[in-house]
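Presented below is the structure to which this report refers.
Number of protein chains: 2
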Amino acid sequence: MTDITALSINTIRTLAADVVRKANSGHPGAPMGCAPMAQVLFSKFITGNPSNPYWINRDRFILSNGHACVLQYIMLHLAGYDVTMDDLKQTPGHPEAHLTPGIEVTTGPLGQGFANSVGSAISGEHLAALFNKPGFDLFNNHTYVITGDGCLQEGVASEAASLAGHLQLGNLIVLYDDNHISIDGDTELSFTEDVLKRFEAYGWHTQEITDGDHDLNGITAAVENAKKVTDKPSIIKIRTTIGIGSKNQGTEKVHGSPLSAEDIANIKTKFGFDSDKHFYIPDEVREYWRSFGERGQKAENDWNNLLNSYKDKYPEEAADLIRRLSNKLPNNWAAALPRYTPSDPAVATRKLSETVLNKIADIVPELIGGSADLTGSNLTRWKTAVDFQHPSTNIGNYKGKYIRYGVREHAMAAVMNGIAAYGGLIPFGGTFLNFITYAWGAVRLSALTGFRVLYIMTHDSIGLGEDGPTHQPIETLAALRALPNILVLRPADGNETSGAYLAALNNHHRPSVLALTRQNLPQLHNSSVEKTLQGGYVLEEVDNADITLVGTGSEVSIAVDAAKLLKSEGIKPRVVSMPSFELFGEQSVEYRSSVFPDGIPVVSVEAMSTYGWDTYSHAHVGMRTFGTSGPYKEVYKKYGFTPENVAAKARETIAFYKGKSVPSVIFRP
Amino acid sequence: MTDITALSINTIRTLAADVVRKANSGHPGAPMGCAPMAQVLFSKFITGNPSNPYWINRDRFILSNGHACVLQYIMLHLAGYDVTMDDLKQTPGHPEAHLTPGIEVTTGPLGQGFANSVGSAISGEHLAALFNKPGFDLFNNHTYVITGDGCLQEGVASEAASLAGHLQLGNLIVLYDDNHISIDGDTELSFTEDVLKRFEAYGWHTQEITDGDHDLNGITAAVENAKKVTDKPSIIKIRTTIGIGSKNQGTEKVHGSPLSAEDIANIKTKFGFDSDKHFYIPDEVREYWRSFGERGQKAENDWNNLLNSYKDKYPEEAADLIRRLSNKLPNNWAAALPRYTPSDPAVATRKLSETVLNKIADIVPELIGGSADLTGSNLTRWKTAVDFQHPSTNIGNYKGKYIRYGVREHAMAAVMNGIAAYGGLIPFGGTFLNFITYAWGAVRLSALTGFRVLYIMTHDSIGLGEDGPTHQPIETLAALRALPNILVLRPADGNETSGAYLAALNNHHRPSVLALTRQNLPQLHNSSVEKTLQGGYVLEEVDNADITLVGTGSEVSIAVDAAKLLKSEGIKPRVVSMPSFELFGEQSVEYRSSVFPDGIPVVSVEAMSTYGWDTYSHAHVGMRTFGTSGPYKEVYKKYGFTPENVAAKARETIAFYKGKSVPSVIFRP
């Protein structure tokens, strides 16, 4: 270890102790223990341009043990990213990609960063396969990860690791901070497996460094080795001392709380620093790190020159790439979305979704996705699709865009976040709607970070029938609607399915969930691709209406049929289709009150928990229990999802409000 | 293979094909392929009493690949459980423990059954350590599992497998149906890891059977070996042919759809059956299986005799065991719940929960639980707790009741389901409220199956402060409230925390989620242990009220302070505490309308998504975005959770309804 290297590492350590204490939160131990590996990665391996953190061929660095947040913010500060010393003093609890350029993904919920890195590596391999040409290595970056014990205990990381091994992602290099400590204490309490053996079983290349506190040459050599292994992801287990320097080093006491002022002072003295100086960065350390930015700027300049030559030689590919990097969709892509009339046959919305994918997959080439082993059910595969697989398997290649996620819903969602973070691609993934909750940890981060990820969720209600209550979502739409910054779209027919894709793709900083039926649905009168974007709209209007019936997805046609029954009795019903609460909530109050005019009671029908529907309806036909196993029509009848029952609820509601004032669902305090 | 064994296996296979076709759902392939291993398990190893499916020392059988449901129902039918041929013809899509005695756990969502089995095995080891005495092996049963590829790809199973290996659960024996086929096709598409090597890394004993279609002796010997390994869980990889006998055997075509009538006829012919006979069970097969029930009845009789002798020798232990098995809590246990007065100091509800655990852990000895590596944060460990660990570790023993779940939230919840299913124990587990969604797949099954599981979820809002938005729940309570058959309890102080435990323990067939604060809360005037059981109640009443303020948990005291501000201005506020929507919803309409009287507008305050609050309040102080990282008081202020802002919202609401009729929140169509 050279003097400057040691000085830099100790600067990181003392700075980490100071920052955590100042913020009165965060975890000092891991940043101090991981300082040597971070030093090696940022000084020798990671190429990035602090002046342009989004340069597409940068190496990605992901801190999966996000509670070591301060380490990442310190490295960004030292490397010259736009993280000032004042920012550093207010380092958040966990890295926040949506707020700080240079942070690739928001981490903290354990295992997520690790799984994101698999998406990042997939993107790198795919874009390299697609755009690289002889002499034009436009994509040759690596994804580097630091992870702790906690992440490796999480199921989402296990799923992602198995997938990464299967896909032979050679551009993925994980440094495992093996500090033997978790919050409860020594890992002997709960985590005694042989981690490297497990990763070997997944098909990873594994290495071990026994003295990660001091053996920088060893870490360097291991990362160099890992880079040479191009057909396997790599994990390097690095034994470190958590909170090194502290009087409590190597124990859980340094894990989750700030160190005492006295302890910090002693650490500084031990490392040869002035114990009275806080947030101190020696000038020579500042000077030393200047080279990071210079190296990165040069790399980007060289890359831009390469791209310029590429433009001449491969104008078509270059145009595609440049368009993607500008985050613009192809012109007129939406013209490819199919449109329907009521005379078109009844079709399940999952099938209509498949039609959309077939129409747009080649027009919007950045779409990349698959299913968690439910391809034939989710109908996520388009006709020209090729599997994303390592070429040696002969069942696909890295140019392929159909990802076989396996039965790994949580990893699928986290991998999609990693793909979205990488840039140049739009990920989608399918499973049954009920199993989006298996993936919730990652879905939540799609929303929090604002990633354009498409969740294609089929079998979206008790209407899936025979699979029974274990597979029938009840609470799922309420959970999604309560989650900020995510679009939930439940289209009622073909036009609304096209509208749902239009909304999903045009929302660049918001994930979307498409809730799609297993069962066939008729093409509705007055349904509309464009009106879908308003979230809710009038399908059937009538003067002096007695009642408004509102439905979503498969229940809209039931509402339409209920309206027919009511009309035959001289009752005047309106019908509203409401594919998206979120989009509707964003409309003007004038528009919303035209959809739900004051004075007219509203009955909702949705084969889902009624929880939350009091916002828009006075009475509900919905679910208050789990579902049941049986043919879909019987199940629907059992729970009252029939025109007859909806009509009965409408009559009851009209009677209830006779002579009473009807509460407005739009005008509220 | 003897003739009768072969006949029995082929009976299972043809019956599976018939049943799946009749129900027009389900999966014929796996039941047909798994018939030999099921034959071995049920004829040679599993002891159970069809006349008393809940006999506590039965062997447990869990079908983790729940889509092979028909296999389990057929085995129960053959073995003499109360599954008639008519029941069989209506086999549900997945095993439903809440409907069919003999089914131990509801499976189908992949990985759950596998993880449940770890809970089952923990229970077996714990109760054996607790109650067995020399000559009295009251608990010596095994937990047998059949699992497929899908389960082993799921993160929840990986987490559980790592935990089971750590805990050295020798009574757990898993048969892995390695049929190389998932829904998408050959497992080469996505699942190419070395499964046995992975399990070795977890510390499991592993074996392999290469011809699982025919090598019954091999399977038998392997299970016998596994039983001999008492300090490791065992997995036996058994290569089978999915849908064996079908023209499409060994392919994904036999996975998820009924076989054609023609194919079934050919299978029957191939297996020497009459192709015209449906649901056919040869008499000799019926006769053969009679011994299962006889063997089980004898085993239970012997066990009852053993228990009778045990009663004489160990009366105290016997009384405890018999009480547990009768599913009764100890007399007067609730008298131990602490009660508070307003002069008691302000304390965080997580800390109050710790106090409750300390008071009741020894009085209610069937409580067994821990935390997903957040012990010091969740405060789930009581003073006399001993770790549940393998005795060889010297850090605990199998009598211990504190489970170190590791950073494995999903497995923790699924393991708790397995413990609840076993009987004689009440499981609880802790993590941050936000991470209950990591465990949702299992939480949902707690609710669906009706298991008394206690989720002790701390850091229950943006009030956790510095950890930031990745850890701050927003959508979580809405999701839980929308889930059927689960109690959500968010106590406001000490009395309500005691009330929450009272409700949770007294709900024998419903899981509970306790949402507890990180921050301190004052002891409220008029709060009550008993009123907590009504879900919502009036804390402060006033004649001719202008407004009702309703809060939950940490926001109740803010509502109380807001009421003081309003009173100082001459406004008359009522205050309602609402710890549980579910319990409140179960009260009489008279009671509910006394809590929310007509004509008085309601303002709610809860540091959580406002989604769903339109049911009980006209205006809300709540969250509509993600939170932020910072000190709790600053974060609360930023989002309006202050007495001043609640008072302002109250004034606004009163003004809004001035001269207008106020919609009733109780009387609805």
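Note that the protein sequences, when read in sequence, are chains A and B.
UniProt numbering puts the first residue of the first sequence at 1, with every later residue one more than the last.
UniProt numbering puts the first residue of the second sequence at 1, with every later residue one more than the last.
Glycine residues also receive a C-beta, built at the ideal position from the N, C-alpha and C atoms.
Nearest neighbour of aspartate 213 of chain B by Cα position, chosen from B:Gly185, B:Phe136, B:Asn179, B:Leu521, turns out to be B:Asn179.
The C-beta of asparagine 141 of chain A has 16 or more other C-beta atoms within 10 Å across all chains shown, which makes the residue buried. For a cut-off of 8 Å, the C-beta gap from alanine 414 of chain A to serine 120 of chain A is around 11 Å, too long to register as a contact. A direct Cα-Cα distance of roughly 9 Å separates lysine 22 of chain A from threonine 91 of chain A.
Exclusion of the five residues before and after alanine 500 of chain A leaves Leu489, Pro491, Leu514, Thr532, Pro579 as the residues of its chain whose Cβ lies within less than 7 Å of its Cβ. Contact of tryptophan 440 of chain A with chain B by beta-carbon distance below 8 Å involves Thr437, Tyr438, Trp440. Under the 7 Å criterion on CB atoms, glutamine 153 of chain B is classed as interfacial with respect to chain A.
Looking only at A:Val589, A:Ile558, A:Tyr616, A:Gly599, the smallest Cα-Cα distance to phenylalanine 581 of chain A is reached by A:Tyr616. For isoleucine 395 of chain B, the neighbours in chain A by C-beta distance under 8 Å run, in chain order, Glu188, Leu189.
Secondary structure note for valine 635 of chain A: its alpha helix (DSSP H) is the uninterrupted segment 632 to 638. In the three-state scheme derived from DSSP, where H, G and I count as helix and E and B as strand, threonine 476 of chain B is classed as helix. For aspartate 215 of chain A, same chain residues with a beta-carbon under 6 Å away, outside a window of 5 residues either side, are Ile209 in chain order.
Among the bridge pairs identified by DSSP, glutamine 207 of chain B is matched with B:Ile236. Residues Glu540, Leu549, Pro573, Val575 of the same chain have their beta carbon placed closer than 7 Å to that of alanine 563 of chain B, with the five preceding and five following residues left out of the count.
Taken in chain order, the complete beta strand (DSSP E) segments of 3 residues or longer contained in the stretch 562 to 596 of chain B are 573 to 577. Around the Cβ of lysine 277 of chain A, a 10 Å sphere holds fewer than 16 other Cβ atoms; the residue is exposed. Taken in chain order, the complete beta strand (DSSP E) segments of 3 residues or longer contained in the stretch 601 to 665 of chain A are 602 to 609, 619 to 623. As for any beta strand (DSSP E) of minimum length 3 sitting wholly inside the stretch 500 to 552 of chain A, the runs are 512 to 515, 537 to 540, 547 to 551, ordered along the chain. Residue ranges of uninterrupted beta strand (DSSP E) with 3 or more members, entirely inside the stretch 125 to 208 of chain A and ordered along the chain, are 143 to 147, 172 to 178. Taking C-beta separations shorter than 6 Å and ignoring five residues to either side along the sequence, the partners of alanine 128 of chain B in its chain run Phe139, following chain order.
Contact check for tryptophan 289 of chain A against alanine 79 of chain A passes: the beta carbons are separated by less than 7 Å.
The stretch 384 to 394 of chain B makes no contact with the stretch 422 to 436 of chain B; the number of CB pairs closer than 8 Å stays below 3. Per DSSP, the unbroken alpha helix (DSSP H) holding valine 20 of chain A starts and ends at 3 to 23. For the pair alanine 619 of chain B and threonine 653 of chain B, the CB atoms are nearer than the 7 Å cut-off. Its chain contains Leu487, Leu489, Ser512, Thr532, Leu533, Ser580, Leu583 as the residues whose beta carbon lies nearer than 8 Å to that of alanine 503 of chain B, once the 5 sequence neighbours on both sides are disregarded; these appear in chain order. Of the residues assessed, glutamate 530 of chain A falls on the exposed side of the cut-off, its CB having fewer than 16 other CB atoms within 10 angstroms.
For serine 309 of chain A, the enclosing alpha helix (DSSP H) covers residues 283 to 313.
Fully contained in the stretch 388 to 428 of chain B are the following alpha helix (DSSP H) runs of length 4 or more, in chain order: 409 to 422.
Using a Cβ-Cβ cut-off of 7 Å, serine 234 of chain B is close to nothing in chain A; its nearest Cβ partner there is about 16 Å away.
Phenylalanine 279 of chain B and asparagine 24 of chain B have their C-alpha atoms roughly 15 Å apart. Below the 8 Å Cβ cutoff, chain A contributes Glu466 as neighbours of alanine 23 of chain B, in chain order. Listed in chain order, the positions of the stretch 190 to 204 of chain B with a beta carbon within less than 9 Å of a beta carbon of chain A are Ser190, Phe191, Thr192, Glu193, Asp194, Val195, Leu196, Lys197, Arg198, Phe199, Glu200, Ala201, Tyr202, Gly203. Only residues of its own chain outside the window of five on either side were considered, and among them Leu566, Ile571, Lys572, Pro573, Arg574, Ile600, Pro601, Val602, Val603, Ala650, Thr653, Ile654 have a CB closer than 8 Å to the CB of isoleucine 547 of chain B, listed in chain order. The Cβ of valine 156 of chain A sits closer than 7 Å to at least one Cβ of chain B. With 16 or more other Cβ atoms inside 10 Å of its own Cβ, asparagine 171 of chain A counts as buried. In the three-state DSSP reduction, phenylalanine 667 of chain A falls in the coil class, being neither helix nor strand.
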